[in-house]
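Here is the structure we will look at, set down as structure tokens.
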Amino acid sequence: ADDISTVESLQFNFATVEAATENFSDDNKLGEGGFGAVYKGKLSDEREIAVKRLSRNSGQGLEEFKNEVLLLAKLQHRNLVKLLGFCVEGGEKLLVYEFVPNASLDQFIFDPIKRTYLDWERRYKIIGGIARGLLYLHEDSRDRIIHRDLKASNILLDAEMNPKIADFGMARLFVLDQTEGNTSRIVGTYGYMAPEYAMHGLFSVKTDVFSFGILVLEIISGHNNNSFYESGHAEDLLGYAWRLWQEGNVLEFLEPVLRDSFSRSEVMRCIHIGLLCAQDDVYERPTMASVVLMLNSYSVTMPMPSAPPFYSQTATKKFDMEL
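Following this line, the structure appears as structure tokens:
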């Protein structure tokens, strides 16, 4: 059953998946993303699964779809959600994943109650796990995979609160540059998007590095980057982090529930890494290999991050990107 060298070994029967999800019932619906709805299911052998029912307009041929699924199923890393297989029937395209019991990271770090479950030690472990998962996608998987939509809601937490990156490879399963109604050619989430991607559609592994930087700052501060500058701040999360880091005032940036138990050196280091990753200049951003090294070794000399481009102004430049 572990042989994933053939497409056939990954193919699920539609009736099996339908039964597992109780006919895609609303009770089993876990959420809805840009690529389709996700349902919880239970197979006859009691294995729990998550089924992503792809939007019908994925614009991709069957063989191409199967080849991509085969490629994604071969990716195995403890910090990636495991793809178990797929199902194609009629107009339906389904992806079957392992079920990850805890909610996504955003449901912890942005929730007034649940945020207390994640102390600094756990958050630090989560940052390290995401970094290692991303490094695997970028450098250790046979095909370099750029996530393009890395964000807190795409990080799932297992029973031990280990992070698992979800939705990797989704950009490959959809033919891009097919503008459908109000969907733009850019796959991604505003606020996590690197400027060169948001403005010009250019992406590389460094696009993910930018998103990782924003994510790190969210994990440390408990602030959602997208709602941060809407609440009347003249600076966005990046500018805010930069200013407080420059002042050495990490305590003010730190999520209040963490203030009793945190390592100042680790927090400073993580903010530093977040700022390096979210630099405007693609070439100044570190690779994920460098990030993992910086997280693991205190002897590594870290370069100084450059100031965010909009730092000296208000956040208006951020809004211009939307227009």
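Numbering (UniProt numbering), first residue to last: 1 to 323. Just so you know, even glycine gets a beta-carbon here, dropped at the ideal spot from N, CA and C.
Between the alpha carbons of D106 and A152 lies a gap of roughly 5 Å.
Judged by DSSP secondary structure, F14 falls outside any beta strand (DSSP E) and instead within the alpha helix (DSSP H) spanning F14 to A20.
Of the candidates S211, L202, F203 and N296, S211 places its Cα closest to the Cα of Y192.
Residues L217, H223, N225 and F228 of the same chain have their beta carbon placed closer than 6 Å to that of L237, with the five preceding and five following residues left out of the count. Under the three-state reduction of DSSP output, Y190 falls in the coil class, being neither helix nor strand. Excluding its 5 nearest sequence neighbours in each direction, M288 has C-beta neighbours in its own chain below 8 Å: A131, L134, L135, H138, E139, V205, D208, V209 and F212, listed in chain order. In its chain, beyond the 5 residues on either side, W120 and L254 have a beta carbon closer than 7 Å to the beta carbon of F262.
I155 sits away from S221, with the two beta carbons spaced by 8 Å or more.
Between V257 and T116, the C-beta gap is smaller than 8 Å, which places the two residues in contact. The DSSP assignment places no complete run of the beta strand (DSSP E) inside the stretch 194-277 (cut-off: 3 residues).
Taking the CA atoms as reference points, A307 sits about 8 Å from G239. Contact between V100 and F12 is ruled out by a C-beta separation of about 18 Å, above the 8 Å threshold. Inter-residue distance for V88 and V7 is about 12 Å (C-alpha atoms, whole angstroms). The three-state reading of DSSP puts S9 in helix, counting H, G and I together. When C-beta atoms of the stretch 35-50 are compared with those of the stretch 62-76, fewer than three pairs fall below 8 Å, so the two segments do not count as touching. Around the C-beta of M294, 16 or more other C-beta atoms lie within 10 Å, and the residue is accordingly described as buried. About 11 Å separates the beta carbons of N79 and L157, which is beyond the 8 Å limit, so they are not a contact pair. If you draw a 10 Å sphere on the C-beta of H147, you find 16 or more other C-beta atoms in it, and that means buried.
Judged by beta-carbon spacing, G129 lies within the 8 Å limit of N162, meaning their Cβ atoms are closer than that value. For V88, the pairing in a beta bridge is given by DSSP as K93. When only Cα atoms are considered, N28 and Y190 end up about 28 Å apart. One alpha carbon belongs to S25, the other to I165, and they sit about 25 Å apart. Contact check for W245 against I214 fails: the beta carbons are separated by 8 Å or more. In the displayed model, L43 falls within coil according to three-state DSSP, outside both helix and strand. Taking C-beta atoms as the reference points, D167 and D143 fail to come closer than 8 Å. The three-state reading of DSSP puts I146 in coil, since its state is none of H, G, I, E or B. When beta bridges are read from the DSSP output, E48 appears opposite K42. Residue pairing from DSSP leaves E139 without any beta-bridge partner. Per DSSP, the continuous alpha helix (DSSP H) segment holding I109 begins and ends at D106 to I109. The beta carbons of T21 and G41 sit about 4 Å from each other, so the pair counts as a contact at 8 Å.
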